[in-house]
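Q: For the sequence shown, the numbering used here begins at 5 and goes up steadily by one.
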Amino acid sequence: MNSSALHVLAVVPARGGSKGIPRKNLQLLAGKPLVAHAVETALAATLVTRVLCSTDDPKIADIAREAGAEVPFLRPTELAQDRSEDWPVFVHVLDRLEQHDGWRPDLIVNLRPTSPLRTPRHVDDAIHLLLRTGADSVKAVCLARQHPHKMWLRQPDGCIEPYLKTPFRLSRGPDVPRAELEDIYWQNGVVDVTRREVILERGVMIGSRVAGLVTEPHESIDIDTPLDLALAELLLARRAVDA
Numbered sequence: 005m006n007s008s009a010l011h012v013l014a015v016v017p018a019r020g021g022s023k024g025i026p027r028k029n030l031q032l033l034a035g036k037p038l039v040a041h042a043v044e045t046a047l048a049a050t051l052v053t054r055v056l057c058s059t060d061d062p063k064i065a066d067i068a069r070e071a072g073a074e075v076p077f078l079r080p081t082e083l084a085q086d087r088s089e090d091w092p093v094f095v096h097v098l099d100r101l102e103q104h105d106g107w108r109p110d111l112i113v114n115l116r117p118t119s120p121l122r123t124p125r126h127v128d129d130a131i132h133l134l135l136r137t138g139a140d141s142v143k144a145v146c147l148a149r150q151h152p153h154k155m156w157l158r159q160p161d162g163c164i165e166p167y168l169k170t171p172f173r174l175s176r177g178p179d180v181p182r183a184e185l186e187d188i189y190w191q192n193g194v195v196d197v198t199r200r201e202v203i204l205e206r207g208v209m210i211g212s213r214v215a216g217l218v219t220e221p222h223e224s225i226d227i228d229t230p231l232d233l234a235l236a237e238l239l240l241a242r243r244a245v246d247a
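1) With the cut-off set at 7 Å, would you say S141 and V214 are in Cβ contact?
2) Less than 8 Å between C-beta atoms, sequence neighbours within five positions excluded: which residues of the same chain meet that for H96?
3) Taking the alpha carbon of E44 as the point to measure from, which residue in D86, F77, S22 and I67 has its own alpha carbon closest?
4) Roughly how many angstroms lie between the CA atoms of R54 and S175, to the nearest whole one?
5) State the beta-bridge partners of G216 as determined by DSSP.
6) According to DSSP, is S58 helix, strand or coil?
7) From K23 to L38, what distance separates their C-alpha atoms?
8) Are there three or more Cβ pairs, one per stretch, closer than 8 Å when the stretch 184-201 is compared with the stretch 124-141?
9) According to DSSP, is P221 part of a helix, a strand, or is it coil?
10) Taking 6 Å as the limit between beta carbons, can you name the residues of its chain near I210, skipping five residues before and five after?
11) Given this structure, state the Cα-to-Cα distance separating I203 from D86, to the nearest angstrom.
12) Could you spell out where the alpha helix (DSSP H) holding Q103 opens and where it closes?
13) Is the beta carbon of A144 closer than 7 Å to that of L217?
The structure is reproduced here in structure tokens:
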């Protein structure tokens, strides 16, 4: 499909509650709420058709609107809990848009406010990657700092056993030089892109064929603690100087 003919919806999911940092999506980074960073990045991406914020919180809704997002409805409380998963939230968004606007996007982009160092290029690159590979979805990933070959499970008696039980791990043990281990990638929240039919017809967010958009570790920070927020502030300031 030609990218110019696509209807692409960017969704910024931003519930009001948070355990790690209270009101996390409203925390300021470079003087701007995290939710506003996500909205502005989506609006600057060239392949995004519409930008919508899904939130249960009226204050977040107001800030998202001020940043340029659509917030035509609030998310139901039952979809904004600590254990709420992405899939029902996105089904709710797609159903409401079709009911009220008769609009059906081809692709849905998930832009979590907790990954504020993403750029519009990440969004456009992820969309191009999905189209080029024919994948069901795209997830951003970065090279994992810790390898599962060196991970352990701790038992109730205090003993540990290998997390991996592959023949290579069992025969060589844990202390293999990193250069001999294959690269492992860790998913991050920089960007996800999914085809509409994967969400609505298959009942999942990623599908069976997933393409990975490789991002740099310094772009992939996830805000979960005050320390993460301080690090993001430092990295954003450094980016401004380097530019």
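Ideal Cβ placement from N, Cα and C applies to all residues, glycine included. Predicted, not measured: the structure shown is a model, and the values here were computed from it.
A: Based on what the coordinates show:
1) yes
2) S58, R79, P80 and L83
3) I67
4) 53 Å
5) K143
6) strand
7) 16 Å
8) yes
9) helix
10) S141
11) 21 Å
12) D90 to D105
13) yes
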